[in-house]
Amino acid sequence: MVSKTSDISESTSIAIKIANELINSSEITQDEIFEENEVKMEVVNLSHWYGDNQVLSGISMPIFKNKVTAIIGPSGCGKSTFLRDLNRMNDLVSISRTSGDILLGNKNIHDSDVDVVQLRKRIGMVFQKPNPFPMPIENNIAYGPYIHGVKSDRIPAIVKSCLQKAVLWDEVKDRLKDNALSLSGGQQQRLCIARTLSVQPEVILFDEPCSSLDPHATAKIEDLITKLKQDYTVVIVTHNMQQAARVSDYTAFFNLGDLVEFNSTKTIFRSPEQKKTEEYISGRFG
Ligand SMILES: Nc1ncnc2c1ncn2[C@@H]1O[C@H](COP(=O)(O)OP(=O)(O)OP(=O)(O)O)[C@@H](O)[C@H]1O
Ligand SMILES: [Mg+2]
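Here our numbering is used: the first residue of the sequence shown is 504, the next is one more, and so on.
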């Protein structure tokens with residue numbers, strides 16, 4: 504068990520309580536948990552520089568298929584950089600440079616024959632602040648399939664199914680032609696998730712998707728993420744320890760550009776192997 508010291512903040516102690524509650528009575532070993540899973544992506548010795556500033560140092564970890572992997576760590580430790588490396592979003596930053604490999608299936612995403620547009624279709628991303636297109640709700644979903652050449656008569660069904668998967672359909676079905684900006688923040692974020700689903704990704708990256716949302720909207724997104732893992736592989740950056748404990752199966756703790764510990768979420772919160780991990784999750788720094 505993670506020890507409960509007197510300086511643990513309330514939210515952190517709730518996170519530890521949740522994690523401990525999540526630990527069921529089964530006595531499956533850590534190795535068995537890892538072996539049971541199919542690897543969707545494999546990060547191998549990934550380093551990242553912005554100019555001369557190295558912000559990730561030799562990160563290696565698997566990303567398991569149909570699981571939620573949480574990335575946690577103090578501000579500036581490289582979480583978003585890591586996430587954006589997974590679908591080469593950092594290619595858009597001119598001073599950005601990486602070394603190491605990122606495998607999607609058996610293919611290195613850095614290979615010269617990888618089509619980055621197709622890669623980002625396979626690995627979608629949802630950002631911290633909801634960013635719907637300022638256009639009708641339905642067009643937000645239709646846009647991706649349309650530009651990827653889906654026939655127009657198939658698009659209404661895609662719009663409906665993506666909005667249903669994002670648990671938004673019932674709230675917007677009578678206002679599909681309204682501007683997406685008229686939705687609440689939580690609805691906008693679910694619309695952005697529906698938009699990501701519209702091009703049938705295999706992996707969905709979430710960068711602090713709830714940080715601008717109230718607790719009610721946050722709970723809806725967390726429920727949704729838990730459902731999404733049935734069909735997709737999910738990686739989520741979060742500052743919220745309770746959220747990591749609630750939604751993720753695996754957790755990677757980053758500090759100062761290093762991967763300090765990757766493990767099942769239960770182990771990270773119950774009995775982390777590294778002292779630094781325990782210090783972080785129990786609120787002693789960061
Ligand atoms: N486009 C960029 N150009 C130069 N430096 C950058 C760029 N983006 C991030 N950095 C630097 O890289 C380091 C890691 O940043 P990153 O955004 O990945 O951290 P983070 O862990 O996501 O932080 P936070 O929790 O605050 O979102 C920081 O020092 C940051 O200033
Ligand atoms: Mg970040």
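Ideal placement from N, C-alpha and C gives every residue a C-beta, glycine not left out.
{"Item": "C-beta contact flag for Leu586 and Asp710 at 8 Å", "Value": "yes"}
{"Item": "C-alpha gap between Lys624 and Thr736, whole angstroms", "Value": "14 Å"}
{"Item": "Secondary structure of Asn642, DSSP reduced to three states", "Value": "helix"}
{"Item": "Buried or exposed (CB count within 10 angstroms, at least 16 for buried), Lys582", "Value": "buried"}
{"Item": "Beta-carbon spacing of Gly554, Ile598 below 8 Å", "Value": "yes"}
{"Item": "Whole-angstrom distance between Leu606 and Val619, CA atom to CA atom", "Value": "14 Å"}
{"Item": "Length of the line joining the Cα atoms of Phe756 and Glu541", "Value": "21 Å"}
{"Item": "Boundaries of the beta strand (DSSP E) in which Glu545 is found, first to last residue", "Value": "542-553"}
{"Item": "Residues of its chain near Ile661, where Cβ-Cβ distance is below 8 Å and the 5 sequence neighbours each way are ignored", "Value": "Ile644, Ala645, Pro648, Val653, Ser701"}
{"Item": "Limits of the alpha helix (DSSP H) - the one that Val620 falls within", "Value": "619-625"}
{"Item": "contact_flag[the region 555-572, the region 769-787] where n(CB pairs < 8 Å) is 3 or more", "Value": "no"}
{"Item": "Same chain only: Cβ atoms within 7 Å of Ser751, ignoring 5 sequence neighbours per side", "Value": "Val571, Thr572, Ala573, Ile739, Thr768"}
{"Item": "C-alpha gap between Pro639 and Ser685, whole angstroms", "Value": "9 Å"}
{"Item": "Strand pairing of Gln557, partner residues [DSSP]", "Value": "Trp552"}
{"Item": "For Arg678 and Glu535, the rounded distance between their alpha carbons", "Value": "Caution is warranted here: a pLDDT of 49 is assigned to Glu535, below 50, making its placement in the model unreliable, and no coordinate value can be reported."}
{"Item": "Through-space distance from Ala697 to Glu781, alpha-carbon basis", "Value": "36 Å"}
{"Item": "Proximal residues to Glu705 (C-beta, below 6 Å), its chain only, five neighbours per side dropped", "Value": "Arg625"}
{"Item": "Spatially closest choice to Phe567 from Gln746, Ala722, Phe765, by CA coordinates", "Value": "Phe765"}
{"Item": "Exposure of Lys543, with buried meaning 16 or more beta-carbon neighbours within 10 Å", "Value": "buried"}
{"Item": "C-alpha distance - Ser655 paired with Pro635, whole-angstrom precision", "Value": "21 Å"}
{"Item": "For Val558 and Gly603, believed in contact at Cβ under 8 Å, the rounded distance", "Value": "Contact doesn't hold; Cβ gap of about 13 Å is too wide."}
{"Item": "Sheet register partners of Arg743 (DSSP bridge)", "Value": "Per the sequence shown, the amino acid found at residue 743 is Asn instead of Arg. Per DSSP, none; premise fails for Asn743."}
{"Item": "Heavy atom of ligand 1 within 7 Å of Ile784 beta-carbon", "Value": "no"}
{"Item": "For Gln703, the nearest candidate out of Leu622, Gly789, Lys610, Asp614 (CA to CA)", "Value": "Leu622"}
{"Item": "Pair within 8 Å by beta-carbon distance, Trp552 and Arg591", "Value": "no"}
{"Item": "Residues with C-beta closer than 7 Å to any heavy atom of ligand 2, in chain order", "Value": "Lys582, Ser583, Asp710, Glu711, Val740"}
{"Item": "Secondary structure of Ser714, DSSP reduced to three states", "Value": "coil"}
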